[in-house]
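*Asks:* Each residue of the sequence shown is one higher than the one before, counting from -17 in our numbering.
Can you read through this structure? Questions will come right after.
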Amino acid sequence: MRLVSRSRSPRRIFSTSMAPFNAHDIRVVGFDLDQTLYPKSPLVDEKIQEYLYEKIASHKKIPLDEAKQLFGERYRDGAGLSGSETLRDLGVPNASEAVQEALERADIASILSPDPDTNRLLEDVRTHYKNLDLITGSNLRETEKKLSALGIPKEMFSHLITAEQAAKSTGESYRIWLSLYPEYAPRQFLYIGDRIRSDGEIPSALGIHTALVCAQKPGTSLPTMQLHNLAELASILL
């Protein structure tokens, strides 16, 4: 594993707005971390919300319990406004970025546990493709904590690209990733994440094939494969 400072059975073929995806063409596979290598859950939501309460309390200069109440009145356990809409309604600046920051900095590692199926999938992908990397918006310290909690050794990945190196939202993380393999074209890369913009649209614009997991209602207009869970990757890649 390196920290970045700057004959197989037939596989399914997918068409996106890019060139058709064929697993036989892929040479490098990259994964997101948050809500990709572990699923979204009520406990994860709770940790994220605790972080957002602090953001609200700091911005409005109010006690934490009052911030929690203001959030709850709008969010209504997911039946009301979204997290970012709630922050926006309360005047918190850069609401979408704050939610992503909460996901990447909240103490989520304490509630994570290993998933044998996910770990087996990573092992199989690494065996088949050799080049397996992690590109995440979490910083290195949080990344290491989460991987440890998930029972995934850092050495599973050839390269780690974390928040210290670049941001996915600007595309720079993906440019760094591409630069690590100058012998391959962008269409020979596949990135698996969960967020439409930063994990799907942005790398797709660079020519990278992408797949979004945990897609509850797949949309036909997105330039990416959409999967219900990580388990579906096995039939595509292996």
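Positions of the beta carbon are idealized from the N, C-alpha and C atoms, including for glycine.
A quick note: this is a predicted structure, and the numbers were derived from the prediction, not measured.
Tell me the DSSP secondary structure of Gln208 in three-state form.
*Replies:* Numbered from its first residue, the sequence shown carries residue 208 at position 226. In this structure, Gln208 counts as strand in the three-state DSSP scheme.
*Asks:* List, from N- to C-terminal side, the alpha helix (DSSP H) runs of 4 residues or more that fit wholly inside the segment 125 to 212.
*Replies:* Within the segment 125 to 212, the complete alpha helix (DSSP H) runs of at least 4 residues are 154 to 161, 184 to 187.
*Asks:* Just the C-alpha distance for Lys150 and Thr125, rounded to the nearest angstrom, thanks.
*Replies:* Position 168 of the sequence shown, counting from 1, holds the residue named residue 150. Position 143 of the sequence shown, counting from 1, holds the residue named residue 125. Each residue's alpha carbon lies about 15 Å from the other.
*Asks:* Where does the unbroken alpha helix (DSSP H) through Leu219 begin, and where does it stop?
*Replies:* As a working mapping, residue 219 is identified with position 237 in the sequence shown. Note, Leu219: alpha helix (DSSP H), 215 to 219.
*Asks:* Provide the residue span of the alpha helix (DSSP H) that contains Val11, from first to last.
*Replies:* On the sequence shown, residue 11 is found 29 positions in, with the first residue counted as 1. Here Val11 belongs to no alpha helix (DSSP H); instead the beta strand (DSSP E) covers 10 to 13.
*Asks:* Pro98: which of Leu188, Asp181, Gln208, Ala213 sits nearest, CA to CA?
*Replies:* Residue mapping note: residue 98 aligns to position 116 of the sequence shown, counting from 1. Nearest C-alpha to Pro98: Ala213.
*Asks:* Taking Leu116 as part of the beta strand (DSSP E), name the residues at either end of that continuous run.
*Replies:* Your numbering for residue 116 matches position 134 in the sequence shown. Segment 113 to 117, the beta strand (DSSP E) holding Leu116.
*Asks:* In three-state DSSP terms, what is Asn4?
*Replies:* Taking the sequence shown and counting its residues from 1, one reaches residue 4 at position 22. Reduced to three states, the DSSP call for Asn4 is strand.
*Asks:* What is the rounded straight-line gap between the Cα of Ile190 and the Cα of Tyr173?
*Replies:* Reading the sequence shown from its first residue, position 208 is the one you call residue 190. Reading the sequence shown from its first residue, position 191 is the one you call residue 173. Cα to Cα, the separation comes out at about 7 Å.
*Asks:* Identify which residue in Asp89, Phe171, Leu160, Asp27 has its Cα closest to the Cα of Gly60.
*Replies:* As a first step, residue 60 is located in the sequence shown; it is residue number 78 there, counting from the start. Considering only alpha carbons, the answer is Asp27.
*Asks:* Look at the Cβ atom of Val81, then the Cβ atom of Ser66, and state whether they are nearer than 8 Å.
*Replies:* If you number the sequence shown from 1, residue 81 lands on position 99. If you number the sequence shown from 1, residue 66 lands on position 84. A contact, by the Cβ cut-off of 8 Å.
*Asks:* In whole angstroms, what is the alpha-carbon distance linking Ser(-9) and Asp7?
*Replies:* Numbered from its first residue, the sequence shown carries residue -9 at position 9. Numbered from its first residue, the sequence shown carries residue 7 at position 25. Low confidence applies to Ser(-9): its pLDDT is 34, below 50, so where it sits in the model is not reliable enough to give any reading.
*Asks:* Contact defined as beta carbons within less than 8 Å: I believe Asp16 pairs with Thr118. What is the distance between those atoms, to the nearest angstrom?
*Replies:* Here residue 16 corresponds to residue number 34 of the sequence shown, with the count starting at 1. Here residue 118 corresponds to residue number 136 of the sequence shown, with the count starting at 1. Confirmed, Cβ separation roughly 7 Å.
*Asks:* Go ahead and pull the three-state DSSP assignment for Thr68.
*Replies:* As a working note, residue 68 is residue 86 in the sequence shown. The answer is helix: DSSP assigns Thr68 an H, G or I state.
*Asks:* Using CA atoms only, rank isn't needed, just tell me which of Ser23, Tyr156, Tyr57, Val74 is closest to Ala39.
*Replies:* By one-based count along the sequence shown, residue 39 stands at place 57. Among Ser23, Tyr156, Tyr57, Val74, the Cα nearest to that of Ala39 belongs to Val74.
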